[in-house]
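Beneath this line is the structure, given in C-alpha cells, with notes to follow.
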Amino acid sequence: MAGNPFSTIERIAPSEALRRQQRGAVLIDVRDDHERAAGKPAGAIGVALASLTERIGKIAFDRNAEVLLSCASGARSLRAAATLHDLGYTHVASIDGGFLRWNAEGLPVDSGVLDADAAERYSRHLLLPEVGVAGQQKLSNARVALIGAGGLGSPSALYLAAAGVGTLTLIDDDKVDKSNLQRQVLHTDDRVGTSKTESARITLNALNPRVRIETHEQRLRAANVEALIRDHDVVVDGADNFPTRYLLSAACLRLHIPLVYGAVHRFTGQVSVFDARRTDSPCYRCLFPEPPNAEDAPNCAEAGVLGVLPGIIGLLQANEAIKLLLGIGRPLIGRLLCFDALGAAFRELRLPRDPTCPGCGANAQFAGYEDVARICASA
Ligand SMILES: [Zn+2]
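According to my numbering, the sequence shown is numbered sequentially starting from 235.
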C-alpha cells in the first residue's frame, strides 16, 4: 500500500523467526516489563518499545545485524521494526501474531518470573514502577502475622491477601458472633458460631487462592507469643485487649519485627508503626508506658464502635504493612495518625522514642513475658 510507512518492513511467521534466531539473529520482545512477567520467546531480549531507541545500540551495535521484533500480537513490533529501519538498521523483521501466536504454536518459551495467573492478577501492581515484578515477588515471599481476625484484621487481611502477600498467619481464639458482622467483614451470617480463623481463611482464599493462610485458633499468651510471630516480616496488631498488645510489643522488640499498630474507640482511631529494626523508632510503650486500668479503657464490646471506623483504620494498617514489605514510601514511624470519623479529620502527632520507656528505654528490663502479662493483670 502506497504511503504505508510499514510496507517496507518484512513480516515473518514465528517459526521462521525461530529458525533465524537459531542462525544468530537477535530477537527483541518489545512488550512492557509487566507483560513479559508471564513469559517470552526463549532467548528473546526484553526491551520495552518506549526505551528501544535508547537501548538498541548496546544490543545490536552493528546496523547490518539481523534483528527480529516481537510483541503481543504483531502491531507494536511492526512499529519497532520501522523505528529501527529509520535508525539505519538494514535487516529488521517483525513477527506476525507476536507472542500469542508464538505460544499457541508451541515454540520454546522462557517462563516468566511470574506465572500467567499472577501476571494477570497483579497487573495493576506490575504497572507501578515502585512495585513492579520485583516488588510483587517481595510480596509473594512475605509472611505477615495478623493478631485478631476482627474489626481491624478484616480489612487488613482482605487487602493483604488481594495484594498477593504470600503467607498470612491469623491468630484469634474467638468464634464469629452475630454482633461482629457490623464491622468484621471477613465473616458472614451463615458462619456465626464457627471459628474466626477458619471463617477468615474461607473468605481470603475465595478472594485469592494463591495466598497461604496459616491459622492459629489460640489466644496470644506469654507462653506462645514468640513462637507464633517468629519468622514473620511484619506483625499487624488488630488486638482488642491490653495484655495482647503489651505481649506483642515485647515480642516484636525482642524479635526485631516491625509492628503496625491500630486501635479504635467509638468514633476515633489511631495508627502508627513501631519498627524495632530502627534505633530511632519508638515502641508501643513509648506511647502507653503502662496499661490503663480497665474502667479507663473499655473495648468495643463495652464502649461501642462505629462499624466503618475499624475498616478505615485497618486499611491504613494494611497500607503501612505493604509499604514496609516493599520498602517504599515513608512509614508512620515516630508519628501517630489519629482519625476522627465524625469530623472526618486526620491529625498527626509526633511520637518520638522515649529514652525512659519501660519497653525500649536505656534502663528497660525484660523479665520475661509472664512479667509483661502480669502488669496488665494488675492494672
Ligand atoms: Zn519504647
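Don't be surprised by glycine CBs; every beta carbon is placed ideally from N, CA and C.
Going by CA-CA distance only, name the one from the options that's closest to residue i.
i, options, result
"I329", "D349, A294 and Q255", "Q255"
"G258", "R289, L302 and V281", "L302"
"N597", "D588, A578, G366 and L566", "D588"
"K412", "A272, D465 and L420", "L420"
"S285", "A272, D296 and T317", "T317"
"G496", "A353, G384 and L252", "G384"
"A575", "R500, S345 and V459", "R500"
"D351", "G273, A294 and L321", "G273"
"D263", "A306, Q416 and V494", "A306"
"A457", "N439, T478 and V469", "T478"
"L570", "T513, Y518, R253 and A353", "Y518"
"S340", "L252, L585 and H466", "At residue 340 the sequence reads Gly, which differs from the Ser that was named. Ranking the options by Cα distance to G340, first place goes to L252."
"A484", "R446, P523 and N414", "P523"
"L348", "L438, R270, T422 and R608", "R270"
"R608", "T422, R455, R358 and A353", "R455"
"A552", "R358, E354, L438 and V468", "V468"
"A555", "F508, L585 and E536", "F508"
For residue i, which residues from the same chain have a beta carbon less than 8 Å from its beta carbon, with the 5 sequence-adjacent residues on both sides left out?
i, result
"G223", "Residue coverage of the chain in this structure runs from 235 to 613, which leaves residue 223 outside it and unanswerable."
"H490", "A510 and R511"
"L560", "E364, V365, G369, K372 and L373"
"L614", "Given that the chain is displayed from residue 235 to residue 613, the structure contains no residue 614 and the question cannot be resolved."
"L441", "L392, A395 and A396"
"I279", "V260, L261, I262, D263 and I293"
"G322", "R297"
"R446", "G400, T401 and L402"
Closer than 7 Å by C-beta to residue i: which residues in its own chain qualify, once you throw out the five before and the five after it? Chain order, please.
i, result
"G563", "K557"
"G595", "D588 and P589"
"A338", "none"
"E432", "T449"
"G427", "K409 and V410"
"A276", "P342, V343 and D344"
"F295", "none"
Would you kindly work out how many angstroms separate the C-alpha atoms of residue i and residue j, rounded to a whole number?
i, j, result
"H268", "P248", "22 Å"
"C591", "S515", "12 Å"
"M235", "I436", "Confidence is the limiting factor: at M235 the pLDDT is only 44, short of 50, which leaves the residue's position unreliable and the question unanswerable from this model."
"V606", "L481", "6 Å"
"I547", "V260", "52 Å"
"P526", "Y603", "18 Å"
"L615", "V367", "Outside the displayed span of the chain (235 to 613) sits residue 615, for which this structure offers no information."
"A299", "H319", "12 Å"
"I463", "G398", "20 Å"
"Q418", "D424", "14 Å"
"L540", "P389", "15 Å"
"F600", "T401", "30 Å"
"R444", "A391", "14 Å"
"K292", "V281", "11 Å"
"E288", "R310", "17 Å"
"L362", "Y356", "10 Å"
"L493", "V470", "6 Å"
"P565", "R297", "49 Å"
"G593", "N475", "18 Å"
"A434", "N375", "21 Å"
"C610", "L487", "18 Å"
"R266", "L283", "Looking at the sequence shown, residue 266 is not Arg but Asp. Between D266 and L283, the C-alpha separation is close to 7 Å."
"T324", "E250", "18 Å"
"I567", "A578", "23 Å"
"D465", "R358", "29 Å"
"A353", "G346", "9 Å"
Spatial neighbours of residue i within its chain, please: CB distance less than 6 Å, with the 5 preceding and 5 following residues excluded, ordered by chain position.
i, result
"T639", "In the structure as shown, the chain starts at 235 and stops at 613, and residue 639 therefore has no counterpart that could be examined."
"R572", "According to the sequence displayed, residue 572 carries Cys and not Arg. Excluding positions up to five away in sequence, the list reads Q504 and R581."
"G387", "L380 and G472"
"R453", "D407"
"T502", "D574"
"K430", "A383, D406, D408 and V410"
"V498", "V539, L543, P544 and I547"
"L550", "V505"
"V326", "V301, A315, L318 and H319"
"C520", "R587, D588 and C591"
"E460", "A485"
### Query
Among all residues, which have a Cβ less than 5 Å from at least one non-hydrogen atom of ligand 1, and in what chain order do they fall?
C517, R519, C520, C591, G593 and C594
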